[in-house]
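Report on one structure; see the data block that follows.
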Amino acid sequence: MDEPTDHELTDLFKGFAADRPELLKRLMPRVELQVKAIIRKRLGGKLRRTSDTTSVLQEVFFRLKKSNKLGPNRYAFFSGVADHVEWILRDRARRMRRQAERDEAARQTFPVYVEMEGEEVGEFDYELLDNLLNRMKGMGGEYTRWPEIIRLHWWAALPIAEVAAALRVSKSTVEKEKRKLLAYLRSKLA
71 MDEPTDHELT
81 DLFKGFAADR
91 PELLKRLMPR
101 VELQVKAIIR
111 KRLGGKLRRT
121 SDTTSVLQEV
131 FFRLKKSNKL
141 GPNRYAFFSG
151 VADHVEWILR
161 DRARRMRRQA
171 ERDEAARQTF
181 PVYVEMEGEE
191 VGEFDYELLD
201 NLLNRMKGMG
211 GEYTRWPEII
221 RLHWWAALPI
231 AEVAAALRVS
241 KSTVEKEKRK
251 LLAYLRSKLA
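Counting from 71, one number per residue, gives the positions in the sequence shown under this note's numbering.
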């Protein structure tokens, strides 16, 4: 895909910010290229600690457009970018695990380092985390919101208030569920 001109990007971002989320479909292929390039550069062929998803997202955004005005669709944009970050990390972890198994090496973990609003959460084996999140989606209750909290807060790096707005719950509900989620993840993935 050709690099978009500044004029094309300006039109896309203006339309997206003007509450035309259908433009996200046109924007995301360009975003995906930027996400892949940044993660490839940061990981350098090996899946290592990735401590700051916020900086990845900001770098993607600033490479695409030197502005940070997305209006009311900000969380939708960053959620879409977070999906791409998550897919790339998952694919890389799976590819490296298959390579390690082919090489008959000792079983390795491929950690993803997570930091939320300055609080170190820890490292989790990405494949185990991904499998656990997929199981949570079918468990019902508060578990169904937990994968969305991870997507919006960890991968999209949205503040708690914006996560709450996106999920249509109170900020205190998200904060409470985040604490439970972290305890649950630490117990299951330790």
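Beta carbons: idealized from backbone N, C-alpha and C, even for Gly.
- Judged by DSSP in its simplified three-state form, Pro229 adopts coil rather than helix or strand.
- Secondary structure note for Glu197: its alpha helix (DSSP H) is the uninterrupted segment 196 to 207.
- A straight-line Cα-Cα distance of about 10 Å links Val244 and Ala235.
- In the structure shown, Arg215 falls within a coil segment according to DSSP collapsed to helix, strand and coil.
- Just measuring C-alpha positions, the residue of Asp153, Trp224, Glu197 sitting nearest Met166 is Glu197.
- Going by beta carbons, Ile219 and Lys248 fall inside the 7 Å limit.
- With fewer than 16 other CB atoms across the displayed protein chains lying within 10 angstroms of its CB, Met209 is exposed.
- Here Ala227 is buried. Its C-beta has 16 or more other C-beta atoms within 10 Å.
- DSSP places Val155 within a helical segment (H, G or I) once states are collapsed to three.
- By alpha-carbon distance to Val239, the top candidate from Arg164, Gln169, Arg215 is Arg215.
- Around the Cβ of Arg256, a 10 Å sphere holds fewer than 16 other Cβ atoms; the residue is exposed.
- In the three-state reduction of the DSSP assignment, Ser242 falls in the helix class.
- Burial is judged here by how many other beta carbons sit within 10 angstroms of a residue's own beta carbon; Ala163 has at least 16 and is buried.
- Straight across, the Cα-Cα distance linking Leu203 with Ile230 is about 19 Å.
- The C-alpha of Arg96 lies about 31 Å from the C-alpha of Met206.
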